[in-house]
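Quick note: to get the working numbering, add 24 to the position in the sequence shown (first position is 1). Glycine included, each C-beta is placed from N, C-alpha and C at the ideal position.
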Amino acid sequence: MTASDNLGNPAAAAQEANERRQNLLRYPAEIPGVDYKAASPLGTNDFSTKLIKQVIAFANGGGGTLVIGFKEDDSKRPQPDPEMTPGIAASYDTSKLSEAVNKAVRGEVPVPLTVFMENHDGITYPVIEVQSFTASPFFCRIDKADSQGKPILKQGALYIRTARSTSEELATPEDWQRLLEVAVAQRQDDLLGRFGNLLRQFGLSNSAPTVTHEDLQDRFESWLDQQKARAEALLIEGKRQPSGYYFFAYQPKQIPQKLDNDQQLLQLAQASRRPNTGWPIGLIPYNFRNPTDRFRATEAGLEVVIGQNGIDHFDYWLLQRNGAFFIYRNLSEDEPRLTHAGPGRVLMASTVIWRVAEAIDHCIALNRNIGTNGTTPIWFAAEYSGLQGRQLSNDYQNYSFFPTAPAMRDRVRFVREFTFDQMIADADGIVADVTKQVFALFGFFEAPDNLINKHLQEYRASKVS
25 MTASDNLGNP AAAAQEANER RQNLLRYPAE IPGVDYKAAS PLGTNDFSTK
75 LIKQVIAFAN GGGGTLVIGF KEDDSKRPQP DPEMTPGIAA SYDTSKLSEA
125 VNKAVRGEVP VPLTVFMENH DGITYPVIEV QSFTASPFFC RIDKADSQGK
175 PILKQGALYI RTARSTSEEL ATPEDWQRLL EVAVAQRQDD LLGRFGNLLR
225 QFGLSNSAPT VTHEDLQDRF ESWLDQQKAR AEALLIEGKR QPSGYYFFAY
275 QPKQIPQKLD NDQQLLQLAQ ASRRPNTGWP IGLIPYNFRN PTDRFRATEA
325 GLEVVIGQNG IDHFDYWLLQ RNGAFFIYRN LSEDEPRLTH AGPGRVLMAS
375 TVIWRVAEAI DHCIALNRNI GTNGTTPIWF AAEYSGLQGR QLSNDYQNYS
425 FFPTAPAMRD RVRFVREFTF DQMIADADGI VADVTKQVFA LFGFFEAPDN
475 LINKHLQEYR ASKVS
């Protein structure tokens with residue numbers, strides 16, 4: 025079996041884009057680059073003026089998607105707006121919206137956008153996809169206030185999508201940094217030169233933007249949340265409701281070269297798989313159990329989905345072309361074939377130690393095969409969820425429990441940065457740090473080192489796959 029490459033296949037790429045838009049309707053969630061708006065017709069009202077501002081900000085911020093016809097519920101999650109009608113949807117014509125937006129910006133270059141009419145549960149929703157600027161960002165050329173006289177659009181303003189997911193006039197050094205990053209992504213050397221003087225006024229460099237450690241962690245965790253939302257959307261689509269899950273993720277700051285070749289990615293995934301467990305991280309099955317299982321190459325990298333509509337094991341993993349890796353799984357403690365305790369009842373301490381150890385080993389093998397430099401920082405993350413009320417056990421057969429309280433919280437996330445050399449030198453110490461953070465949820469239980477070391481030795485001695 026070989027991976028299918030959608031990059032040179034327009035039909036496949038269009039199908040993937042259509043699937044993405046449908047998933048935004050099936051599984052609405054606030055994620056970076058996507059915004060949901062209540063049902064309101066496109067016209068001359070305040071809503072439309074604010075929408076124009078947001079389209080401009082998305083174009084200046086690298087692009088984004090606006091979904092019309094959803095409003096937040098009490099928990100701040102977007103839900104279908106009962107006020108959505110066919111008439112409201114019909115008002116969102118691409119040419120009509122483009123005309124309104126382009127009247128509000130300077131120059132002759134139009135803001136690149138497309139309105140797609142997507143049907144979900146018998147209702148049509150406009151989905152507006154905005155592309156990034158290419159030659160230069162878009163400046164506003166009109167003044168317009170809302171019905172209360174409060175300014176919305178201001179002549180000469182440069183709007184951008186901020187890290188707070190708001191559309192604001194570019195003003196701070198952080199905003200300039202964001203615009204600079206988009207320009208770099210678009211390879212606009214001329215634009216960078218023209219912005220040089222403005223950037224220096226803010227004490228910035230147009231050659232190397234200053235990015236803090238906190239910025240990098242925020243970006244990494246934002247990526248984690250995006251991939252987690254993707255995995256949860258797949259589960260909902262497959263009508264699965266796992267009682268608990270865990271994920272691991274790792275991302276090197278840089279790699280010797282981008283992994284553009286699909287065959288190279290496949291070989292990398294195969295070479296990095298560890299032999300210690302029967303269902304290893306990064307498993308690529310060639311005989312799928314049902315049609316929803318898949319293994320494919322996407323623009324981002326290699327993607328595998330296993331057990332989407334099954335009753336036991338579920339895997340979603342992604343190996344990106346920048347060397348980042350993410351894997352999401354259900355807790356095997358809840359699978360009927362492995363437990364008679366029932367879902368949501370136990371967490372196996374030994375299994376947690378094995379899982380974390382394998383993730384660290386896989387991260388090391390992956391980066392060694394990529395050729396990552398020893399001094400390169402690598403972000404590592406682990407998350408366990410669905411824990412509240414579970415008992416911590418160390419025996420699948422007899423369910424002998426540690427003398428601890430049930431888990432006090434539902435979720436725990438570990439995120440830390442190591443150099444590659446540090447990760448190799450202190451692999452067992454990192455395993456201990458992660459597992460102790462998980463076990464601490466059970467009445468502040470502090471797992472003894474000899475327990476962790478015992479299971480680590482058993483894991484390393486195991487050769488299964």
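Residue from Phe404, Trp341, Ala389 and Gly302 with nearest C-alpha to Thr375: If we check each option's Cα against that of Thr375, Gly302 comes out closest.
Alpha carbons only, please: which of Ala83, Ser72, Ser64 and Glu132 is nearest the one belonging to Thr109? With distances taken between Cα atoms, Thr109 lies closest to Ser64.
Is it buried or exposed for Pro175, if we count other Cβ within 10 angstroms and need 16 for buried? Residue environment analysis places Pro175 among the exposed positions, since fewer than 16 neighbouring C-beta atoms fall within 10 angstroms of its C-beta.
For Gln103, three-class secondary structure by DSSP: In the displayed model, Gln103 falls within a strand according to three-state DSSP.
In this structure, does DSSP put Pro134 in helix, strand or coil? Three-state result, Pro134: coil.
I need the straight-line Cα distance from Gln250 to Gln179, nearest angstrom please. A direct Cα-Cα distance of roughly 35 angstroms separates Gln250 from Gln179.
Secondary structure at His337, three-state DSSP: helix, strand or coil? Here His337 sits in coil by DSSP.
Check Leu290 in the structure and name its three-state DSSP category. Three-state DSSP puts Leu290 in a helix.
Helix, strand or coil at Asn346 according to DSSP, with G and I counted as helix: Three-state result, Asn346: coil.
Quick check: is the beta carbon of Tyr270 nearer than 8 angstroms to any beta carbon in chain C? Absent from the structure is chain C; it holds one protein chain and no more.
Where the beta strand (DSSP E) through Glu327 begins and ends: Per DSSP, Glu327 belongs to the beta strand (DSSP E) from Gly325 to Ile330.
Trp341 versus Pro367, Met372, Arg297 and Trp378, residue with shortest Cα-Cα distance: Taking Trp341 as reference, the option from Pro367, Met372, Arg297 and Trp378 with the minimal CA-CA separation is Arg297.
Taking the alpha helix (DSSP H) that Phe463 falls in, what are its first and last residues? Secondary structure note for Phe463: its alpha helix (DSSP H) is the uninterrupted segment Ala451 to Phe463.
On a Cα-Cα basis, can you pick out the residue from Leu465, Arg264 and Lys61 that is closest to Glu107? Restricting attention to Leu465, Arg264 and Lys61, the CA atom closest to the CA of Glu107 is found in Lys61.
DSSP beta-bridge partners of Tyr183: In DSSP, Tyr183 forms a bridge with Glu193.
Among residues of its own chain, excluding the 5 on either side of Asn126, which ones have a beta-carbon nearer than 8 angstroms to its beta-carbon? Excluding residues within five positions, the ones whose Cβ falls inside 8 angstroms are Pro134 and Val135.
From the DSSP output, in three-state form, read off Gly111 for me. Note: Gly111 maps to helix in three-state DSSP.
What first and last residue would you give for the beta strand (DSSP E) that runs through Asp59? From DSSP, the beta strand (DSSP E) with Asp59 extends over Val58 to Lys61.
Comparing alpha-carbon positions, which option in Leu259, Thr443 and Phe438 lies nearest Asp317? Taking only the C-alpha atoms, the option nearest Asp317 is Leu259.
What span of residues does the beta strand (DSSP E) with Tyr483 cover, start to end? Boundaries for Tyr483: no beta strand (DSSP E) harbours it, while the alpha helix (DSSP H) harbouring it runs Asp473 to Ala485, taken from the DSSP string.
Within the region 241-312, note down every full alpha helix (DSSP H) run reaching 4 residues or more, in order along the chain. With a minimum length of 4 residues, the continuous alpha helix (DSSP H) runs that stay inside the region 241-312 are 286-296.
Tell me the DSSP secondary structure of Arg369 in three-state form. Here Arg369 sits in coil by DSSP.
Based on Cα-Cα distance, which residue from Gln412, Ala405, Ile402 and Asp339 lies nearest to Pro367? Taking only the C-alpha atoms, the option nearest Pro367 is Gln412.
DSSP state of Gln155 mapped onto helix, strand, coil: Gln155: strand per DSSP, three-state reduction.
Excluding the 5 residues flanking Ile330 on each side, which residues of the same chain have their C-beta closer than 6 angstroms to its C-beta? Here the set comprises Asp317 and Asp339.
Which residues mark the beginning and the end of the alpha helix (DSSP H) in which Lys74 is found? Element bounds for Lys74: Asp70 to Asn84.
Go ahead and pull the three-state DSSP assignment for Arg437. Here Arg437 sits in strand by DSSP.
Return helix, strand or coil for Lys174, following the three-state DSSP convention. DSSP places Lys174 in coil when its eight states are reduced to three.
Residues near Tyr269 in its chain [Cβ-Cβ closer than 7 angstroms; skip 5 each side]: Non-local C-beta neighbours of Tyr269 in its own chain, meaning closer than 7 angstroms and more than five positions away in sequence, comprise Tyr352, Arg353, Asn354, Leu355, Ser409 and Gly410, ordered along the chain.
Count the other CB atoms within 10 Å of the CB of Asp473; is the residue buried (16 or more) or exposed (fewer)? Classified as exposed, Asp473 has fewer than 16 neighbouring CB atoms from the shown chains inside 10 Å of its CB.
Where the beta strand (DSSP E) containing Lys95 begins and where it ends: From DSSP, the beta strand (DSSP E) with Lys95 extends over Phe94 to Glu96.
Span of the beta strand (DSSP E), counted from its first residue to its last, around Glu123: No beta strand (DSSP E) contains Glu123, which is instead part of the alpha helix (DSSP H) from Thr118 to Asn126.
Classify Phe319 as helix, strand or coil using the three-state DSSP reduction. In the structure shown, Phe319 sits in a strand (DSSP, three-state: E or B).
Less than 8 angstroms between the CB atoms is what I'm expecting for Val462 and Val436, so what's the real figure, rounded? Yes, Val462 and Val436 are in contact; Cβ-Cβ is about 6 angstroms, under 8 angstroms.
Strand pairing of Tyr408, partner residues [DSSP]: Answer by DSSP bridge pairing, in chain order: Tyr270 and Val436.
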